[in-house]
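Here the structure is laid out as structure tokens; the discussion comes afterwards.
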Amino acid sequence: MPTPASSKAATKHVLYALLFVYAGIATTYQVVNAVSTTIGTFNLRNQVQIPFQLYGNIVFRPTAAAIHAGLAARDTVLTSNGVPCTGAAVWQRIRWYARPGDTISLRVRKQDGTKQTVTIPLEGYPAGYSVDDRPVRMAAPLEILIFLSIILVPLFCLALGLWVAFARPSDPNAWFVLILLTYPQAFNPGAVRNWIPDWLSLRLYWHLTVQFLAPPALFLLGLLFPERSRLDKRLPWLKWLVIALTGVTVLAEFIAEYNVWYDISLLPRVDSLRFVDLNFVWSTILYIALYWVLLFDKLRMASSPDARRRLQVLLAGSVVGLGNILIVWGLLPSLGIIRDPNDIRWLLSLAIVLMLFFPLTLAYVVIVQRAMDVRILLRMGSKYLLASTTVKVFRIAGIAALIWFIAVPLFTRHRDPLIAAPWAAALLLFGFLFLKKRSPTDLLQ
């Protein structure tokens with residue numbers, strides 16, 4: 006007969022096994038996403054522009070070349086290069102391996118029921134343009150920003166989440182933190198057009214999993230951390246209802262995604278699952294709102310000073326990290342102040358930096374044995390930020406920024422040497438002083 010100790014050890018082994026599986030899938034996704042995004046951003050494979058887009062096997066947005074060849078919107082693609090069109094994944098594989106100058110032969114059914122064979126020439130992207138529905142020229146600062154936001158930030162958050170989960174495998178809050186820190190992978194999961202065809206299913210299903218699990222995980226964290234909320238004590242079944250509804254939603258989305266990409270014979274049934282999308286939108290809004298309500302309520306009703314300090318730290322990180330996301334990507338576009346935050350590079354960079362406060366506070370409040378006051382954390386953080394090593398890093402980064410954004414444009418835009426020389430001298434003098442002195446304030450001495 007198993008003892009409580011052996012049962013606890015067995016449970017811990019199962020949890021570690023699940024963590025290893027989760028880590029393997031998430032890490033593989035991140036690596037393949039990084040490779041695919043790099044290939045698409047720099048067009049390393051000389052891919053072709055898409056002459057049309059597909060929903061299942063229905064054509065929409067055909068290009069001028071496709072229309073000239075005889076293709077029309079709402080045509081139904083029966084075969085692509087002789088391969089039956091069973092879903093969008095067939096077209097993804099064909100265009101991945103195609104090269105500029107190739108042609109694609111389509112057997113289509115017109116809207117009047119007649120069948121026709123259409124041959125479309127495929128064009129490549131201009132030099133210096135990234136792979137997109139419409140060619141986009143990528144400037145160097147934008148390429149660096151994409152690298153940071155798509156590759157490094159999600160990788161850092163994932164590593165932090167796995168560290169928390171492996172340190173506290175039996176704590177449900179650690180699992181909620183892991184799911185939340187995996188969510189940055191869904192910010193920009195890499196366009197499907199860039200993904201290696203053999204890994205396409207990973208892109209489709211893991212992206213959906215992360216996207217649909219994060220909002221309920223945020224709500225459950227607010228419900229149970231660092232102690233049960235009054236709502237959970239009154240309605241203990243609520244968390245299980247949320248988990249069950251989330252599971253049903255993810256399963257329904259999996260079926261819909263499979264139908265669109267791999268089996269269009271079931272596509273008419275996808276419309277019956279469309280209610281899931283609306284349910285997801287409203288439930289996400291509800292989960293986020295309840296998270297804030299629960300956080301403030303538990304901060305007021307905390308049973309111990311340590312619990313109150315943890316909640317204060319979590320609240321501060323949520324305001325800075327989550328608050329800036331809600332403002333930049335929610336409030337500002339809805340008010341018409343900006344159309345797309347991704348087009349404003351400095352705002353996007355600032356949002357990414359501020360967002361990192363949230364994962365750091367999540368890891369801190371779950372891992373530490375005894376939480377510190379927010380003011381002490383801010384004081385310690387500012388001292389660390391002003392440490393000599395950190396200052397040196399900022400010095401080097403500052404010099405690099407001066408060279409890239411000032412020196413390079415100064416000498417590559419054919420300016421008058423009499424105008425360029427004083428600026429160059431000032432730049433060199435400032436750079437020398439900035440590296441020579443111990444701190445930035447020493448420049449004033």
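Position in the sequence shown (from 1) plus 5 gives the number in the working numbering. Note that beta-carbon positions come from the ideal geometry of N, C-alpha and C, so glycine has one too. The structure presented is a predicted model; accordingly, all values stated were derived computationally and were not measured.
Does the ligand SAH have even one heavy atom less than 7 Å from the beta-carbon of residue i?
| i | result |
| --- | --- |
| I343 | Annotation note on the ligand SAH: not contained in the displayed structure, which lists no ligands. |
How big is the Cα-Cα spacing for residue i and residue j?
| i | j | result |
| --- | --- | --- |
| T251 | P105 | 44 Å |
| P189 | V318 | 21 Å |
| V253 | A222 | 15 Å |
| G75 | E128 | 17 Å |
| L361 | G341 | 26 Å |
| I349 | K115 | 43 Å |
| V370 | V158 | 20 Å |
| A22 | P126 | 50 Å |
| L111 | L353 | 41 Å |
| N264 | L83 | 16 Å |
| L284 | K120 | Per the sequence shown, residue 284 should be read as Asn rather than Leu. Taking the straight line joining both Cα atoms gives about 40 Å. |
| L327 | I260 | 31 Å |
| T68 | V26 | 43 Å |
| K303 | Y34 | 36 Å |
| Y134 | I290 | 37 Å |
| N48 | R239 | 56 Å |
| A70 | H18 | 58 Å |
| L243 | A249 | 10 Å |
| D176 | L205 | 33 Å |
| V247 | D345 | 32 Å |
| W297 | A191 | 22 Å |
| T16 | M306 | 33 Å |
| G118 | T32 | 47 Å |
| W334 | V215 | 19 Å |
| W245 | T8 | 28 Å |
| P89 | Q97 | 13 Å |
| V37 | S339 | 34 Å |
Can you round the beta-carbon distance between residue i and residue j to whole angstroms, since I take them to be within the 8 Å contact cut?
| i | j | result |
| --- | --- | --- |
| P299 | P174 | Per the sequence presented here, residue 299 reads as Leu, with Pro not at that position. At roughly 24 Å, the Cβ-Cβ gap does not stay under 8 Å, so L299 and P174 are not in contact. |
| L229 | N178 | 6 Å |
| T91 | D268 | 6 Å |
| V325 | L359 | 6 Å |
| I201 | S11 | About 44 Å separates the two Cβ atoms, so there is no contact after all. |
| E262 | L295 | The pair is not a contact, with the Cβ atoms about 28 Å apart (cut-off 8 Å). |
Using C-beta distances below 6 Å, list every residue in its chain close to residue i, excluding the 5 sequence neighbours before and after it, in chain order.
| i | result |
| --- | --- |
| I156 | A39 |
| T122 | R112 |
| W351 | none |
| L59 | A93, W96 |
Are residue i and residue j close, meaning C-beta to C-beta below 8 Å?
| i | j | result |
| --- | --- | --- |
| F224 | V255 | no |
| G45 | R208 | no |
| V169 | L160 | no |
| L337 | I330 | no |
| V64 | R79 | yes |
| A257 | V281 | yes |
| S288 | P220 | yes |
| W266 | A93 | yes |
| Y456 | Q54 | The chain is shown from 6 up to 450; residue 456 falls before or after that span and cannot be answered. |
| N86 | I99 | yes |
| A172 | I332 | no |
| R50 | F57 | no |
| S154 | I293 | no |
If you drop the 5 nearest sequence neighbours on each side, which residues of the same chain put their C-beta closer than 8 Å to that of residue i?
| i | result |
| --- | --- |
| S308 | E232 |
| S234 | G227, L228, L299, D302, K303 |
| I30 | L207, W211 |
| T108 | T124, I125, P126, L127 |
| A77 | V64, P67, K115, Q116 |
For residue i, collect the residues of the same chain with a Cβ closer than 7 Å to its Cβ; drop the 5 residues on either side in sequence, then sort them by chain order.
| i | result |
| --- | --- |
| L186 | C162, L163, L165, G166, P364, L367 |
| V136 | G45, N48, Q52, Y130, R198, N199 |
| T458 | Here the chain covers residues 6 to 450 and nothing more, so residue 458 does not appear. |
| A376 | Unreliable positioning characterises A376 in this predicted model, as indicated by a pLDDT of 48, which lies under 50. A coordinate reading is not provided. |
| A28 | L167 |
| W180 | A170 |
Which residues does DSSP list as the beta-bridge partners of residue i?
| i | result |
| --- | --- |
| T84 | P89, R112 |
| V129 | In the sequence as displayed, the identity of residue 129 is Gly instead of Val. DSSP lists V53 as partners of G129. |
| K120 | R114 |
| I63 | Y60, T81 |
Does residue i come within less than 8 Å of chain B when only Cβ atoms are used?
| i | result |
| --- | --- |
| I155 | No chain B appears in the structure shown, which is made up of a single protein chain. |
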